[in-house]
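**Q** Let me begin by handing over the structure; questions about it come next.
Residue numbers (my numbering), protein chains in the order written: chain A, 1 to 274; chain B, 1 to 303.
Here's what the structure looks like:
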């Protein structure tokens, strides 16, 4: 009985090992290629490290203004994410705990917008921003995605509803107002879902490509993904430098993932379905 | 005694809640109605206009739609999109289900395998598109160098009209298989263990158990994974933009790329809006069809 089980387990480990290798191989290649010098690139196999490691690619990258994109991307991601999470929490709390006319109908409107492809809204959004005089401005870049994120509102609402209402009633009897109850009772209990929603927002905003590509044109508002894509076009394919740029774009997300992995894996899997 | 006293109190309470509700919703109402819903309405209106950059918009009724019907490039781009969806959706779904079955086993270190498999989902699509373009590079790329070890002369993946699309789709599958695995894993773990024991006592083979018990119970998860993947792969843009720019020829020119091209390179807003309406209609129809199919199957089974 135990022998076939052992061989089955070994087979599982083998398949998983190959799977994981395929999953992380492009990351591995990014690191290796980013630290190769120009000569090392042609002399080594792609999966061989170039020794000694060279930072020449990073020097070229930053000489062409990449540091600026990094700062812009960080600020824009932080700004949009903060807005998205705060406004989503407020809306989700209203949907979960308050009763007012039109609530359920509005909630369905919010949910149905999940089906709208971003590329469909791009043209009208661009024309709206043009009317408002916000093309190639920070506000135009950030506003459309900052205010309403139906997916986050949906996840948060589901979680808020699972918190026993008695807890809030008790706080209210003790004299706490709505805001106090939200801040001191609901939010501390919602930490896993808040972490997940924030991480999803950071990933989406940090990676966002199409809208920044359309709405901005000036150099100082160029964000990281666009910077990498343009670097490819402007200099021919300097794979060394492109990999160095990709590595810089990937590292913050990886760090985030390592820290919040257990929250994300659990709550993405559980809340996405309900 | 109590009733007349509480009624006004209740009414003010209700008014307060309504006020508080709308106050809390206000920012997201601007976002959802103004920046998500209004654009859909506007895009439909725009599709009735002839509007090129700098020229005055001119109402042309259904002329754009008539042009669309005879436009081979548009139909080609929808066929290309369909081809992409047909590779990505089954590829991602089947692979993620297989991975979920594997990592559902109680083996030591399994949580590290799970985490590693999810990592591609965190990738910046633009960055990873470029990394993959480098992997697919015919001369120095890792894939052909690897094939070279076995004496195989690898093709130029991205500059072949035949191979470019499957190569781009492979990147999509790579990115999303691990992420979708999480949903299947959650579904598998919701299946009571007693069912597994019962069927192994009945002498059911693992394959029979999978098709007879596991798969039917995973139907809600399957629907969720299918729908999100269909919607997602219809909208593919970033990876294709950096990997092939729609080429070689127009072999990877998906609908989103064509819309971008018409609107922001040729500045033909009216026509781009018309293609957008068609894309939206197709996504809506496919999504509704999936719901209908699964609903019918579910009620059929219960009767």
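A virtual CB, placed ideally from N, CA and C, is assigned to each residue, including glycine.
Measuring only between beta-carbons, confirm whether residue 240 of chain A sits less than 7 Å from chain B.
**A** Cβ-Cβ to chain B under 7 Å: no for residue 240 of chain A.
**Q** Tell whether a beta-carbon distance below 7 Å holds between residue 272 of chain B and residue 283 of chain B.
**A** No, the Cβ-Cβ distance between residue 272 of chain B and residue 283 of chain B is not below 7 Å.
**Q** Does the Cβ of residue 218 of chain A have 16 or more other Cβ atoms within 10 Å, making it buried, or fewer, making it exposed?
**A** Per the 10 Å Cβ criterion, exposed.
**Q** Could you tell me the distance, in whole angstroms, from the CA atom of residue 260 of chain A to the CA atom of residue 197 of chain A?
**A** If I take the Cα positions, the gap works out to 11 Å.
**Q** Quick check: what's the CA-CA separation for residue 300 of chain B versus residue 98 of chain B?
**A** For residue 300 of chain B, the pLDDT reaches just 47, beneath the cut-off of 50, and the residue's location in the model is therefore unreliable, leaving the point undetermined.
**Q** What is the DSSP secondary structure of residue 58 of chain B, reduced to helix, strand or coil?
**A** Of the three classes helix, strand and coil, the one that applies to residue 58 of chain B here is strand, per DSSP.
**Q** Just to confirm the assignment: which complete alpha helix (DSSP H) runs, minimum length 4, are found wholly within the segment 249-275 of chain B?
**A** With a minimum length of 4 residues, the continuous alpha helix (DSSP H) runs that stay inside the segment 249-275 of chain B are 255-264.
**Q** Quick one: give me the first and last residue of the alpha helix (DSSP H) that residue 148 of chain A is part of.
**A** Segment: none, residue 148 of chain A is in no alpha helix (DSSP H) and carries neither H nor E.
**Q** Residues of the segment 223-251 of chain B with a CB closer than 8 Å to any CB of chain A: list them in chain order, please.
**A** Listed in sequence order: 224, 231, 234, 235, 237, 238, 241 and 242.
**Q** What are the start and end residues of each continuous alpha helix (DSSP H) run of 4 or more residues lying completely inside the segment 168-256 of chain A, in chain order?
**A** For the segment 168-256 of chain A, whole alpha helix (DSSP H) runs of length 4 or above, ordered along the chain, are 178-181, 191-207, 210-215 and 224-234.
**Q** Looking at the structure shown, is residue 50 of chain B part of a helix, part of a strand, or coil, going by DSSP?
**A** Looking at residue 50 of chain B - three-state DSSP - the assignment turns out to be strand.
**Q** Only counting the same chain, and skipping five residues up and downstream in sequence, which positions put a Cβ closer than 8 Å to that of residue 118 of chain B?
**A** These residues qualify, in order along the chain: 178, 179, 181 and 182.
**Q** Would you kindly report the start and end of the unbroken alpha helix (DSSP H) that includes residue 133 of chain B?
**A** Element bounds for residue 133 of chain B: 125-135.
**Q** Whose Cβ in chain B lies nearer than 8 Å to the Cβ of residue 153 of chain A?
**A** Result: 28.
**Q** Compile a chain-ordered list of the residues in the segment 156-173 of chain A whose CB is closer than 9 Å to at least one CB of chain B.
**A** So nothing in the stretch comes that close.
**Q** Would you say residue 119 of chain A lies against chain B (beta-carbon separation less than 7 Å)?
**A** It does: the Cβ of residue 119 of chain A has a partner Cβ on chain B nearer than 7 Å.
**Q** So, does the segment 229-249 of chain B touch the segment 94-112 of chain A, judging by three or more C-beta pairs under 8 Å?
**A** At 8 Å Cβ cutoff, the stretches do not touch.
**Q** Return the residue from the list A:157, A:207, A:117 and A:40 that minimises the CA-CA distance to residue 76 of chain A.
**A** When only C-alpha atoms are compared, the closest one is A:207.
**Q** Could you tell me the distance, in whole angstroms, from the CA atom of residue 146 of chain A to the CA atom of residue 93 of chain B?
**A** Roughly 31 Å separates the two Cα atoms.
**Q** Closer than 7 Å by C-beta to residue 103 of chain A: which residues in its own chain qualify, once you throw out the five before and the five after it? Chain order, please.
**A** Contacts found: 95.
**Q** Would you check if the distance between the CB atom of residue 131 of chain B and the CB atom of residue 7 of chain A is smaller than 7 Å?
**A** The answer is no: Cβ separation not under 7 Å.
**Q** Return the CA-CA distance between residue 136 of chain A and residue 111 of chain A, expressed in angstroms with no decimal places.
**A** In a straight line, the C-alpha of residue 136 of chain A is about 30 Å away from that of residue 111 of chain A.
**Q** What three-state label does DSSP hand residue 93 of chain B in the structure shown?
**A** Residue 93 of chain B falls in the helix class under three-state DSSP.
**Q** What in chain B is Cβ-close to residue 142 of chain A, meaning under 9 Å?
**A** Here the premise fails: no neighbours, minimum Cβ distance about 11 Å.
**Q** Span of the alpha helix (DSSP H) holding residue 36 of chain A?
**A** Segment: none, residue 36 of chain A is in no alpha helix (DSSP H) and carries neither H nor E.
**Q** Got a sec: is the Cβ-Cβ distance from residue 217 of chain B to anything in chain A below 7 Å?
**A** No, its Cβ sits nowhere closer than 7 Å to a Cβ of chain A.
**Q** Does the Cβ of residue 108 of chain B have 16 or more other Cβ atoms within 10 Å, making it buried, or fewer, making it exposed?
**A** Classification of residue 108 of chain B: exposed, given that the 10 Å Cβ count is below 16.
**Q** Distance check for residue 157 of chain B and residue 247 of chain B, CA to CA, integer angstroms please.
**A** Roughly 12 Å separates the two Cα atoms.
**Q** Check each candidate in A:28, A:56, A:26 and A:25 and name the one with the smallest Cα separation from residue 40 of chain A.
**A** Of the listed residues, the one whose Cα sits closest to residue 40 of chain A is A:56.
**Q** Which first and last residues belong to the alpha helix (DSSP H) in which residue 200 of chain B is found?
**A** 193-201 is the extent of the alpha helix (DSSP H) around residue 200 of chain B.
**Q** Does the CB of residue 205 of chain A have a neighbour CB from chain B at under 7 Å?
**A** Taking Cβ atoms only, chain B never reaches closer than 7 Å to residue 205 of chain A, which makes this a no.
**Q** Please go through the same chain and pick out, in chain order, the residues whose beta-carbon is closer than 8 Å to the beta-carbon of residue 29 of chain A, but skip the five residues on each side of it.
**A** These residues qualify, in order along the chain: 46, 47 and 243.
**Q** Does DSSP put residue 152 of chain B in a helix, a strand or coil?
**A** Coil.
**Q** What residues in its chain sit with their C-beta under 8 Å from that of residue 214 of chain A, if we drop five residues either side in the sequence?
**A** Result list for residue 214 of chain A: 122 and 126, in chain order.
**Q** Measure from the C-beta of residue 98 of chain A to each C-beta in chain B and report whether the shortest distance is under 7 Å.
**A** For residue 98 of chain A, the answer is yes, since a Cβ of chain B falls inside 7 Å of its Cβ.
**Q** Please confirm if residue 42 of chain B has its CB atom under 7 Å from at least one CB of chain A.
**A** Answer yes: the Cβ-Cβ gap between residue 42 of chain B and chain A drops below 7 Å somewhere.
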